[in-house]
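Line by line, the protein sequences give chains U and D. The numbering used here puts the first residue of the first sequence at 414, with every later residue one more than the last. The numbering used here puts the first residue of the second sequence at 1200, with every later residue one more than the last.
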Amino acid sequence: MKLVEGKTGSWEVVIGLEVHAQIISNTKLFSGAPTGFGAEPNAQVSFVDAAFPGMLPVLNRVCVEQAVRTGLGLNAEINLTSVFERKNYFYQDLPAGYQISQYLHPIVGKGQLKIELADGETKMIGITRLHLEQDAGKSLHDQHPNRTYIDLNRAGVALMEIVSEPDIRSPEEAGAYVRKLRSIMRYIGSCDGNMEQGNLRCDVNISVRRPGAELGTRCEIKNVNSVRFVMQSIDYEVQRQIEVIESGGSIAQETRLFDPTLGTTRTMRTKEDAHDYRYFPDPDLLPLRLTEDFVAQQKAKLPELPDQKKERFVKQYNLPSYDADFLTAERELANFYEEAAKDVDGKLAANWVMGDFSAAMNKSGGLDKVQVTAKSLNALVKLIGNGTISGRMAKDVFIDMLETGKDPESIVNEKGMVQVSDTASIEKLIDDVLVQNQDKVAEYRSGKDKLFGFFVGQTMKASQGKANPQLLNELLLKKLQ
Amino acid sequence: MSKQSELCTLTIASAKEKLLKGEITSVELTEAHLKQMDAQKHLNAFITPTPELALQQAKESDKRYQKNEAKLLDGMPIGVKDLFCTKDTRTTAGSHILENFVPPYESGVTSKLWSNGALMVGKTNMDEFAMGSANITSYFGSVKNPWRKKGSNTPENLVPGGSSGGSAAAVAGNMCLASLGSDTGGSIRQPAAFCGLVGLLPTYGRCSRYGMVAFASSLDQAGPLTKTVEDAALLFQGIAGFDPKDSTSADVPLPNFQKALTGNIKGMRIGIPKEYRLDGMPQRIEKLWQEGIDWLKDAGAEIVDVSLPHTKYALPCYYIIAPAEASSNLARYDGVRFGHRAEGKTLNEMYAKTRGEGFGREVKRRILIGTYVLSSGYYDAYYVKALRIRKLIRDDFMKVYEKVDALLTPSTPNPAFEIGQKMDDPLSMYLNDAFTVTVNLAGLPGLSIPAGFTDDELPLGLQIIGKPFDEGTILNIGSVIEKSSGFLEKARLIRGN
């Protein structure tokens, strides 16, 4: 158990997360208005979204499918009957004066999610529930000195709220949880997890207690919109709560906001100001009833999910658990790897994908922005594997591939970069080096083993890097005996 | 009889016959009704008359008659309760907050009306947001009942009932052949009874609620107010049916309701629920109920005494559920996107002023009650309990329907009363709905049929309650009462037309 040391002893951190994930769907949860990102304000609003008199919600089947498949991806119970309720509160960007959500009867019940931590440990985090709800609109406060403008494009867009059990014990676990959840939803295609566009947002519930004691009073940090901020806000909030308690105070149950520029949290509203949402079943919508068949159909449509894929990668490609984790976090990268690893050494391909290729990906901002295809990376690994070029040469070839988008064979041919693997030519090079460095040869022979690397380097340089490194090593050893 | 009053006393059925024979045109028929609307302006039945639209629709209708392409309700001048959104025609729901609201869309039931050839003479007055039983809560003023007490020398001073009071007065005052109303707790049947009309509450889910300004979504249904049972069947036929835009709309077969009017109820079993015999109910109503029983017996029906034990909880249950839903449904009138807006320095001030100015007293009262019963700490004691009672009330009916085909009760515990009576006592006003709210709570169809008169010649109604989606049977029973009671003939004598 990870504990935090305070002045008066150690503390256990208890965290539960509520993740709001925007469902991938062409239309909103209860209307036919489109949901694309970046449209002109109020260009994607139906009369239903704007809550005009007499307008009625009609449930979008795609959103139900997405929620069920996400539930299945979290190994959760699917509730065949669920109920939409109204959450009532007044706000300028909430057109109906209520949000349609699910409360007592969510579409998805208890499930679990496995997270991998940096030390290679894994941990199961319980999922309490997943429910469907509408998003609200957006208030624009910066358009006019004393008026607020409203953009309803987002109003009515479908969200899944995924609530975890308070099983999370550190910022790292919280980060791993959000990343894993995002990965599963991306695999399923139910949420693209783009936190900058706001389509994945977290509410973080935090409390501290003495190890094994009763749960402490929690604070909720609202609307945190990146994995890094989730971790930072926990770090800050844990320290704050420990300091308050250790200096004799007590934690007030409240809702707080995270300030990313300061890295701190501050009170948004206290328990006394909490809304009474007056939930009640929405009389405009009948209870949602699903059949076993429908759930089975959704299950059949599920792709291979990260945990399964990871297990297969370890077996099929002989990869260490860490590599398999890294490669399966994103479906696109996993697919890329599988193509790059075709008929070559899986570990060697993994090294390339995780090393040079990932570096290039980070630099250019995405897998599809890198000029190197999986097929050409596969060809490069093949060239190394069959001894045509050395690993060292491959690094140069890869840089060329990145710049020109050419395949490795043509780069190798054009530049005459074929590895020298004939004994006689390498022996000739070695002899020259040894003659030029007779003093060092003598030192080596008198026991200074470290100089071996020097001779390798000199010879490789003389071959313009083309000498087969393994052969060079063997021959050099013989000559120096 | 003048041509004018001849045209205005037609029914949908008789007008259709004359139109088909070419004896009259739709334009003539419409002009006569528009003229009558002007003459009866003091009844305040309409919030927004639409004469130009009506005449334009009438011209198109006449073309269809000439081409022998007339539809079910072709050329029929209809009044539409101002609760149904009508594209490009102001729709107020009787409220200041929607005083200038012009919907850019057409409601489900009015869309069906127009596609069946009907035409709109205007939007009828109503209690604000359909909350009321006397049509005295409208921002646009009270509506007057065209009926007067025997020997009365004063101008009309009786309430038409509510909330569809304008719709009832418009038909009773011969300003349109029929009208559309809505019924949440009795808002079609009670004004129908007060104005000597036939009023049908269809089974919940039978008519689309799309584009109908919501009062209490789980109870609201659209329905017809007409002069005869046959007209009720025709107009109901023209608005009923599944609508995918309303998730509570029922995808069930739509029978031909006119064909259901056989007049033959031999062997049918009619239940008489003892709980509807209220203490202090006027004797005349008791007597009318017994007359109804006798007429049905004479027609060959079997009368069965039944019990609906949870009836006494219906009114309190209704006055929890309906305001609860209303408090949430009316939250959208916030001055942000449409309707009345009062400026305020802060958001909350804008809300408070807008809603404070925009809503009338009764609406505010119900929003407060609804907010209260849904609030934390009271929810289980009120709302959840009311839902449980609602289930028991429906179970009562369904159990009785194992033994009987329909039920007969009075429509209201009293006839139309004077404007100004019961004004300061909401509870006694709410009692008007004692016989009708049960039907909405159970989601059943109910028909109010004019069947007799008080001693001072005010109309009284009987109610027939049916099984789910069995409107055909209650319309048929209604046609028997209509005939046996001789109401239409007597009414003609009393009113001199």
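No residue lacks a Cβ here, since even glycine has one placed at the ideal position from N, Cα and C.
Cβ distance (whole Å) where residue i is taken to contact residue j below 8 Å
{"i": "U:Lys523", "j": "U:Thr541", "result": "7 Å"}
{"i": "D:Leu1400", "j": "D:Arg1388", "result": "6 Å"}
{"i": "U:Asp506", "j": "U:Lys536", "result": "Wrong, their Cβ atoms sit about 38 Å apart, outside the cutoff."}
{"i": "U:Val621", "j": "U:Val643", "result": "With a Cβ gap of about 17 Å, U:Val621 and U:Val643 do not count as contacting."}
{"i": "U:Ser438", "j": "U:Val475", "result": "5 Å"}
{"i": "U:Ile839", "j": "U:Ala807", "result": "Their Cβ separation, rounded to whole angstroms, is 19 Å, which puts U:Ile839 and U:Ala807 out of contact at 8 Å."}
{"i": "D:Val1681", "j": "D:Val1342", "result": "Before going on, a small fix: residue 1681 of chain D reads as Glu here, not Val. Rounded, the Cβ-Cβ distance is 25 Å, inconsistent with contact."}
{"i": "U:Val543", "j": "U:Glu574", "result": "In the sequence under discussion, the amino acid at residue 543 of chain U is Leu, which differs from the Val named in the question. Their Cβ separation, rounded to whole angstroms, is 7 Å, which keeps U:Leu543 and U:Glu574 in contact under 8 Å."}
{"i": "U:Tyr750", "j": "U:Ala763", "result": "7 Å"}
{"i": "U:Ile601", "j": "U:Thr483", "result": "6 Å"}
{"i": "D:Thr1336", "j": "D:Glu1524", "result": "About 18 Å separates the two Cβ atoms, so there is no contact after all."}
{"i": "D:Ser1416", "j": "U:Pro696", "result": "4 Å"}
Any chain U beta carbon closer than 8 Å to residue i
{"i": "D:Asp1699", "result": "Absent from the model: residue 1699 of chain D. The displayed extent of chain D is 1200 to 1696, so no value can be given."}
{"i": "D:Glu1298", "result": "no"}
{"i": "D:Cys1284", "result": "yes"}
{"i": "D:Arg1408", "result": "yes"}
{"i": "D:Asp1533", "result": "yes"}
{"i": "D:Glu1524", "result": "yes"}
{"i": "D:Ser1306", "result": "yes"}
{"i": "D:Pro1345", "result": "no"}
{"i": "D:Pro1443", "result": "yes"}
{"i": "D:Ala1716", "result": "Residue 1716 of chain D is absent from the model: chain D starts at 1200 and stops at 1696."}
{"i": "D:Ser1527", "result": "yes"}
{"i": "D:Ala1530", "result": "yes"}
Min CB distance residue i to chain D below 8 Å
{"i": "U:Tyr600", "result": "no"}
{"i": "U:Asn501", "result": "yes"}
{"i": "U:Ala509", "result": "yes"}
{"i": "U:Ala512", "result": "The residue asked about is misnamed: residue 512 of chain U is Gln in this sequence, not Ala. False, the Cβ-Cβ gap to chain D never drops below 8 Å."}
{"i": "U:Leu698", "result": "yes"}
{"i": "U:Gly588", "result": "no"}
{"i": "U:Asp813", "result": "no"}
{"i": "U:Gln505", "result": "yes"}
{"i": "U:Ile563", "result": "yes"}
DSSP-derived helix/strand/coil call for residue i
{"i": "D:Arg1589", "result": "helix"}
{"i": "D:Pro1609", "result": "strand"}
{"i": "U:Asp532", "result": "coil"}
{"i": "U:Trp765", "result": "helix"}
{"i": "D:Lys1240", "result": "helix"}
{"i": "D:Gly1395", "result": "coil"}
{"i": "D:Arg1347", "result": "coil"}
{"i": "U:Gln666", "result": "coil"}
{"i": "D:Met1628", "result": "helix"}
{"i": "U:Asn566", "result": "coil"}
{"i": "U:Asp580", "result": "coil"}
{"i": "D:Arg1694", "result": "helix"}
{"i": "D:Glu1222", "result": "coil"}
{"i": "D:Ala1498", "result": "coil"}
{"i": "U:Ser423", "result": "strand"}
Should the region 1649-1656 of chain D be called in touch with the region 1367-1384 of chain D, which here means at least 3 C-beta pairs below 8 Å? Here the region 1649-1656 of chain D makes no contact with the region 1367-1384 of chain D; the two share fewer than three CB pairs at distances below 8 Å.
Would you list, in chain order, the members of the region 1536-1550 of chain D that have their beta-carbon closer than 7 Å to a beta-carbon of chain U? Correct list: Arg1536, Phe1537, Leu1546, Tyr1550.
Per the contact definition of three or more C-beta pairs closer than 8 Å, is the region 1343-1361 of chain D in contact with the region 1558-1578 of chain D? A contact between stretches requires three or more CB pairs, one per stretch, nearer than 8 Å, and the region 1558-1578 of chain D fails this requirement with the region 1343-1361 of chain D.
Kindly confirm or deny that the region 1577-1597 of chain D and the region 1631-1648 of chain D touch, where touching means at least three C-beta pairs closer than 8 Å. With the cut-off at 8 Å, the region 1577-1597 of chain D and the region 1631-1648 of chain D touch.
Do the region 1283-1293 of chain D and the region 1303-1310 of chain D make contact, defined as three or more Cβ pairs closer than 8 Å? Contact holds: three or more Cβ-Cβ distances are below 8 Å.
Taking a cut of 7 Å between CB atoms, which residues from the region 1391-1418 of chain D lie near chain U? Hits within the stretch, in order: Arg1408, Tyr1409, Gly1410, Met1411, Val1412, Ala1413, Ser1416, Ser1417.
Could you check whether the region 1309-1319 of chain D touches the region 1542-1551 of chain D, counting it as contact only if at least three pairs of C-beta atoms, one from each stretch, sit closer than 8 Å? The region 1309-1319 of chain D vs the region 1542-1551 of chain D: no contact.
Selection of the region 1445-1479 of chain D by Cβ proximity to chain U, strictly under 7 Å: Residues Asp1445, Ser1446, Thr1447.
So, do the region 1611-1620 of chain D and the region 1669-1687 of chain D have three or more beta carbon pairs nearer to each other than 8 Å? In the pairwise beta carbon analysis, the region 1611-1620 of chain D is classified as not touching the region 1669-1687 of chain D: fewer than three pairs are separated by under 8 Å.
Of the residues that make up the region 1568-1596 of chain D, which ones have a beta carbon closer than 8 Å to any beta carbon in chain U? Against chain U - using a Cβ distance shorter than 8 Å - the residues of the region 1568-1596 of chain D are Thr1570, Leu1573, Ser1574, Ser1575, Tyr1578, Tyr1582.
Contact list for the region 458-473 of chain U against chain D, Cβ threshold 8 Å: For chain D, the residues of the region 458-473 of chain U that bring a beta carbon within less than 8 Å of one of its beta carbons are Phe460, Ala463, Ala464, Phe465, Pro466, Gly467, Met468, Leu469, Pro470, Val471, Leu472, in chain order.
Going along the chain, which residues of the region 669-696 of chain U sit with their C-beta nearer than 9 Å to a C-beta in chain D? When CB distances to chain D are screened at a threshold of 9 Å, the residues of the region 669-696 of chain U falling below it are Asp689, Tyr690, Arg691, Tyr692, Phe693, Pro694, Asp695, Pro696, in chain order.
Between the region 849-862 of chain U and the region 789-802 of chain U, do at least 3 Cβ pairs fall closer than 8 Å? Cβ pair count under 8 Å is below three, so no.
Any contact between the region 1437-1453 of chain D and the region 465-472 of chain U? By contact I mean 3 or more CB pairs, one from each, below 8 Å. Yes: at least three Cβ pairs fall under 8 Å.
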